[in-house]
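Student:
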Amino acid sequence: MGRFLARRALLTIPVLLGVSFFVFMMVHLLPGDPVTIMMFGASPTPKQVAALREQMGLNDPLHIQYLKFVSKAVRGDFGRSIRSKHLVINDIKDNIGPTLALTGAGMLVAMVVGFALGILAALRRNTWIDSASMTLALTGVSMPSFWLGILLIYFFAVRLDWFPLTGDQGAVRLVLPAIALGWGYAAITARLIRANLIDVMGQEYILTARSKGLSRESVIGRHAMKNALIPVITIIGLQFGSMLAGAVVIEVLFARQGIGRLLVDAILQRDFPLVQAIVLFIAVFYVISNLLVDVSYAFLDPRIRYE
Amino acid sequence: MSPHVRSSAFRLLGLIVILAVLAGCAQAIPAPVPTEAPKPTEAPQAAPTEASSPSEAPMAAACAPGGKLLYGTWQAPDTMDVQTTGLQIVIAMAENIFDPLVRLDPTDNTKYLPGLAESWEVSPDNKEFTFKLRKDVKFHDGTPFNAEAVKKTFERIMDPETGAFLTITALGPYESTEVIDEYTVKVKFSKPYGAFINLLTEPLLAPISPTAVEKWGPEYADHPTGTGPYMLGEYVKNDHLTLIRNPDYKWGPSFFHEGAGYLDEIKWLFLPENSTRVAAFEKGEVNMIDRVPPDELKRLKENPDYATVLQGLAGAPWIFVVNTAKPPTDELAVRQALAYGLNRQAIVDLVYSGTNEVHMAPLEKRTLGYDPSLDTVMPEDLEKAKKVLEDAGWKVGADGIREKDGNKLQLAWLVWPGDGIMEDGQGPVFQAQWKELGVDIKFESYDVGTTLGAWGEGKHNLGEPFFYWNDPTVLRFLVGTGSGLNWTKVSDPALDKILADAEATADPVERKPLYMEAQKQVLENGYLIPTFGKSLVLAMDKNIDGIAYSPTGYPIWFDTCIKQ
């Protein structure tokens, strides 16, 4: 088990290095000169352009720039935002909280609703409950989160006035965005759980457990669910990473703070240090969540451990 | 029915019910308008406002102090430092936080009034400007306002460490500032730069507290400190900015009321998504919003509880820069025909539902130098356009596109995603209009960096930028020899001379006719083809009174109060 974990963790290092390389190259691979892009709108003098170049370290050879980038990144130094002059690491620190809250709440919605619908559908297979659950799931898969968000705003914030659109970004303001973000993933999770649970329930060892005299609840809880969950855990890990990206859209729609919003503004303002840092951050998050998924996978399924 | 068939039927029924409900909802909800990407520079253009007159009479004593203005805006600031920002929203905010040295008369844009400077003198060679400053002014942090503060303000802009952006362009050929005595300051330029006085009327060049700059260092970006009627209360990035009344304020301009502001608080809330912003307004969570989408504007206009305003902004309008160095736009006939062959109103009606205005001159209405006589220099006349091309040898080919000497009349219009041209829909309509003329427009859309680079290298026949700038020097940016923004690739020494003279003199009465002549030449030569004016599209509660607009066209809430 320990060896599995160690090997798995070690494998993330080349992945992270690769990611850091691509993030670094982003600035140089973009068409057009980065400094000209950043200064569009004013009529910059050659001296200004040269000064900004120097400030961004664009005059060093490429490999030196990369080494500087990585060595600074490891220490959490991503420089200053060109526009706000904030330390990039501070901007990220200030904004990661709301995004994690949103993504966490979204995951909560996805799992609670997804599990509920999925288990219900599986246990009451081929009844109207099954149909209703799966139709609800269909809406989740077919609706873009953006549109669902607008609908939620219209009905629950404007028409019914149950939720505010501005003001303190606490739990109350988190409800609608969490639903908008999580609903689609709830749908995917529901369908997956239903399919897996039905599949598992048809297995021979379930029949054995039942014939041994175990109660239905015990069979489902102890035997069926654990096995049905294995593919779902993998999906959840991937969902978390993809939800982080989806949070961008939801943050803009609901006017929430977060690194998604920060990223959008940074891109539009060509604030490269900020863009690089945030993209790197999201990528690292994704890699780590995948690592955690693999590890939990090993806990849940002994067959993997003993490979 | 077997269980299997029954559950399938239910599933189908359930799906139909849900779709029907959603379809019903879709009709009730206005279609979301895609968010436009912010322009790298926004140039507001000024046209006379609809709802409020350019001259705001000072509020009568009937205006009771108190109340909060909650302004839902689409763009969040990149920084609160006016000197380094690239976004117009920050300059708009600065209108209420800072005071300019010189004020523009709201009723007459050729007349200047005292601001923080009580009086000023311009040297005969237009290179030296001496200001006598008010003695009773303090910054928000208590620092006294004086000549030293003005000097430090300008020096900070010129300091490469600061990373000044639009402001450094405004200072032009700046050389130095000299403190003559505590309240007298002399600013020197290496070339005649009379335009300086006009540029001083906006907060781009407003004095900032040297103590604050010293104290905060790079964090000054979060702590703007000026002399204005409202000062920083709280700033939460990407959420809100709160300004509170400056109780010591008593140095407002003559056309506003005396004393401190009426409103207790001005709160800017950043709501980037159009539908969310409108929803927040209709819920009452904000009482004023900007950038109302065209389809929502109609609905809000019809509501008796709201007022809507189309406020013109200064600078250059949406304008075609026509590359005079690349065929076929190197031909005068082609350029002129493009201008004659347009029907701008059709696009305003079709695409902008009245939130834009047709505009026929290179400078916006609110900018010094614009004159209505310019509107008829290149009138819209499709038949004339066709004739001009015929006479120049461009005959209509079999496919409807004109040809000459084996070359097709094909133009490359370079755009970038998010500039609004394709998204709003104006691009394809222009293309269709010019097709009738026998001109074939090919769109090339690249990333903004590539497109700008291509414009710089002259790879385009057409581009369509717009600019926010409160001074007519923007015209020189667009057509002056050697300007980095001269995408027309024109080098016309006679035109350069007129523009240089117009920029040199400080007297607006002298500048205006020079700019009129320059604009006339630019139009007749087809270097630029103006299309639409840009406006702030605002909606507000009817009980908000006394909103004024800055020279560029941004709201100033000093005289504003909320009637009960």
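Chains as they are written, first to last, in the working numbering: chain P, 81 to 387; chain L, 101 to 664. Where a beta carbon is used, it is the ideal one built from N, C-alpha and C, also for glycine. These numbers come from a predicted model, not from an experiment.
1) With residue 290 of chain L as the anchor, note down where its beta strand (DSSP E) starts and where it stops.
2) How far does the alpha helix (DSSP H) with residue 251 of chain L in it extend, from its first residue to its last?
3) Quick check on the burial criterion: 16 or more other C-beta atoms within 10 angstroms. Buried or exposed for residue 147 of chain L?
4) Just confirm the distance between the C-beta atoms of residue 324 of chain P and residue 92 of chain P, as a whole number of angstroms; I'd bet it's less than 8 Å.
5) Nearest to residue 366 of chain L by CA position, among L/311, L/227 and L/386, is which residue?
6) Below 7 Å on C-beta distance, what does residue 334 of chain P contact in chain L?
7) So with CB distances below 7 Å, who are the chain L contacts of residue 238 of chain P?
8) Does chain P have any CB closer than 8 Å to the CB of residue 373 of chain L?
9) Using 8 Å as the Cβ pair cut-off and three pairs as the minimum, do the segment 315-322 of chain P and the segment 280-292 of chain P touch?
10) CB-CB under 7 Å to residue 515 of chain L, same chain, minus the five flanking residues each way: which ones, in chain order?
11) Identify whether residue 170 of chain L lies in helix, strand or coil by the three-state DSSP scheme.
12) Looking at the C-beta of residue 386 of chain L, does it have a partner C-beta in chain P at a distance below 8 Å?
13) Say whether chain P places a C-beta atom closer than 8 Å to the C-beta of residue 137 of chain L.
14) Could you check which residue in L/635, L/659 and L/660 has the C-alpha nearest to that of residue 653 of chain L?
15) Can you give me the start and stop residues for the alpha helix (DSSP H) that residue 640 of chain L sits inside?
16) Is there a Cβ from chain L that is less than 8 Å from the Cβ of residue 246 of chain P?
17) I want to see whether chain L comes within less than 8 Å of residue 388 of chain P, judged by CB atoms only; does it?
18) Tell me where the alpha helix (DSSP H) around residue 285 of chain P begins and ends.
19) Mind pulling the alpha helix (DSSP H) runs of 4 or more residues that sit fully within the segment 267-334 of chain P?
20) Please report the distance separating the alpha-carbon of residue 72 of chain L from that of residue 419 of chain L.
21) Counting only the same chain and skipping the five closest in sequence on each side, list residues whose C-beta sits under 8 Å from that of residue 221 of chain P.
22) Taking one C-beta from the segment 266-285 of chain L and one from the segment 245-258 of chain L each time, how about it: are there three or more such pairs within less than 8 Å?
23) With three or more C-beta pairs closer than 8 Å as the rule, is the segment 599-614 of chain L touching the segment 204-218 of chain L?
24) Could you check if residue 464 of chain L is buried or exposed, using at least 16 other CB atoms within 10 Å of its CB as the buried criterion?
25) Taking the alpha-carbon of residue 54 of chain L as reference, which of L/486, L/416, L/344 and L/460 has the nearest alpha-carbon?
26) Are the C-beta atoms of residue 296 of chain P and some chain L residue less than 8 Å apart?
27) Could you work out which residue in L/266, L/351, L/168 and L/304 is closest to residue 217 of chain L when comparing CA atoms only?
28) In chain order, which continuous runs of the alpha helix (DSSP H) of length 4 or greater are located wholly inside the segment 461-532 of chain L?
29) Distance, Cα to Cα, residue 170 of chain L vs residue 364 of chain L?
30) Output the boundary residues of the alpha helix (DSSP H) element that contains residue 615 of chain L.
31) Sort L/376, L/324, L/453 and L/473 by Cα distance to residue 237 of chain P and report the nearest one.
32) Does the distance from the C-beta atom of residue 355 of chain P to that of residue 343 of chain P stay below 8 Å?
33) I'd like to know if residue 318 of chain L contacts chain P, where contact means its C-beta is closer than 8 Å to some C-beta of that chain.
34) Which residues bound the alpha helix (DSSP H) around residue 178 of chain P?
35) Please confirm if residue 164 of chain P has its CB atom under 8 Å from at least one CB of chain L.
36) Step through the CB atoms of chain P and report whether any lies within less than 8 Å of the CB of residue 549 of chain L.
Tutor: Per the coordinate set shown:
1) For the purposes of this step, residue 290 of chain L is taken as the residue at position 190 of the second sequence. Neither: residue 290 of chain L is in no beta strand (DSSP E) and is coded neither H nor E.
2) Along the second sequence, read from residue 1 onward, the residue named residue 251 of chain L stands at position 151. Looking at the DSSP string, the run of the alpha helix (DSSP H) that includes residue 251 of chain L is 247-258.
3) The sequence position of residue 147 of chain L within the second sequence is 47, counting from 1. Bear in mind that the predicted position of residue 147 of chain L carries a pLDDT of just 35, short of 50, making it unreliable; the figure below should be weighed with that in mind. Under this definition residue 147 of chain L is a buried residue.
4) In the first sequence, the residue the question calls residue 324 of chain P occupies position 244. In the first sequence, the residue the question calls residue 92 of chain P occupies position 12. In fact, because the Cβ distance is near 17 Å, the residues do not count as touching under 8 Å.
5) For the purposes of this step, residue 366 of chain L is taken as residue 266 along the second sequence, with counting starting at 1. Measuring from the Cα of residue 366 of chain L, the nearest candidate turns out to be L/386.
6) Taking the first residue of the first sequence as 1, we reach residue 334 of chain P at position 254. In chain order: 376.
7) Locating residue 238 of chain P in the first sequence gives position 158, where the first residue counts as 1. Per Cβ cutoff of 7 Å: 379, 382 and 383.
8) On the second sequence, residue 373 of chain L is found 273 positions in, with the first residue counted as 1. Output row for residue 373 of chain L: interface = yes.
9) no
10) Residue 515 of chain L sits at position 415 when you count from the first residue of the second sequence. Correct list, in chain order: 521, 522, 527, 543, 545 and 551.
11) Translated into the one-based positions of the second sequence, residue 170 of chain L becomes position 70. Here residue 170 of chain L sits in strand by DSSP.
12) Position 286 of the second sequence, counted from the first residue, corresponds to residue 386 of chain L. At least one chain P Cβ lies under 8 Å of residue 386 of chain L.
13) Walking along the second sequence from the start, residue 137 of chain L turns up at place 37. Confidence at residue 137 of chain L is low in this model, with a pLDDT of 34, below 50, so the placement of that residue should be treated as unreliable; the coordinate-derived value is given next. Closer than 8 Å to some Cβ of chain P, the Cβ of residue 137 of chain L qualifies, so yes.
14) Here residue 653 of chain L corresponds to residue number 553 of the second sequence, with the count starting at 1. Of L/635, L/659 and L/660, the residue nearest in Cα terms is L/635.
15) Within the second sequence, the letter at position 540 stands for residue 640 of chain L. Premise fails: residue 640 of chain L lies in the beta strand (DSSP E), 635-641, not in any alpha helix (DSSP H).
16) For the purposes of this step, residue 246 of chain P is taken as residue 166 along the first sequence, with counting starting at 1. So, interface residue.
17) Missing from the structure shown is residue 388 of chain P; chain P here goes from 81 to 387 and no further.
18) Along the first sequence, one-based indexing puts residue 285 of chain P at 205. Per DSSP, residue 285 of chain P belongs to the alpha helix (DSSP H) from 284-291.
19) 284-291 and 305-333
20) Residue coverage of chain L in this structure runs from 101 to 664, which leaves residue 72 of chain L outside it and unanswerable.
21) Locating residue 221 of chain P in the first sequence gives position 141, counting from the first residue. Within the same chain, residue 221 of chain P has close Cβ partners 264, 267, 268 and 271.
22) yes
23) yes
24) Indexing the second sequence from 1 puts residue 464 of chain L at position 364. The residue is buried, with at least 16 neighbouring Cβ atoms inside 10 Å.
25) This structure cannot settle anything about residue 54 of chain L, because the visible part of chain L is limited to 101 through 664.
26) Locating residue 296 of chain P in the first sequence gives position 216, counting from the first residue. Chain L contact via Cβ: absent.
27) The count along the second sequence starts at 1 and reaches residue 217 of chain L at position 117. When each option's Cα is compared against that of residue 217 of chain L, the closest is L/351.
28) 482-491 and 521-524
29) Residue numbering aside, residue 170 of chain L sits at position 70 when the second sequence is read from its first letter. Residue numbering aside, residue 364 of chain L sits at position 264 when the second sequence is read from its first letter. So the alpha carbons of these two residues sit roughly 11 Å apart.
30) Locating residue 615 of chain L in the second sequence gives position 515, where the first residue counts as 1. Taken as a continuous stretch (DSSP letters only), the alpha helix (DSSP H) holding residue 615 of chain L covers 608-624.
31) Against the first sequence, residue 237 of chain P aligns to sequence position 157. Closest option to residue 237 of chain P, Cα to Cα, is L/376.
32) The residue given as residue 355 of chain P occupies position 275 in the first sequence. The residue given as residue 343 of chain P occupies position 263 in the first sequence. Yes; because the gap between Cβ atoms is below 8 Å, this pair is in contact.
33) On the second sequence, position 218 is the one that residue 318 of chain L refers to. So, interface residue.
34) Counted from its first residue, the first sequence places residue 178 of chain P at position 98. Taken as a continuous stretch (DSSP letters only), the alpha helix (DSSP H) holding residue 178 of chain P covers 168-203.
35) Translated into the one-based positions of the first sequence, residue 164 of chain P becomes position 84. Answer yes: the Cβ-Cβ gap between residue 164 of chain P and chain L drops below 8 Å somewhere.
36) Within the second sequence, numbered from 1, the residue matching residue 549 of chain L stands at position 449. Yes, residue 549 of chain L lies at the interface with chain P (some Cβ there is under 8 Å from its Cβ).
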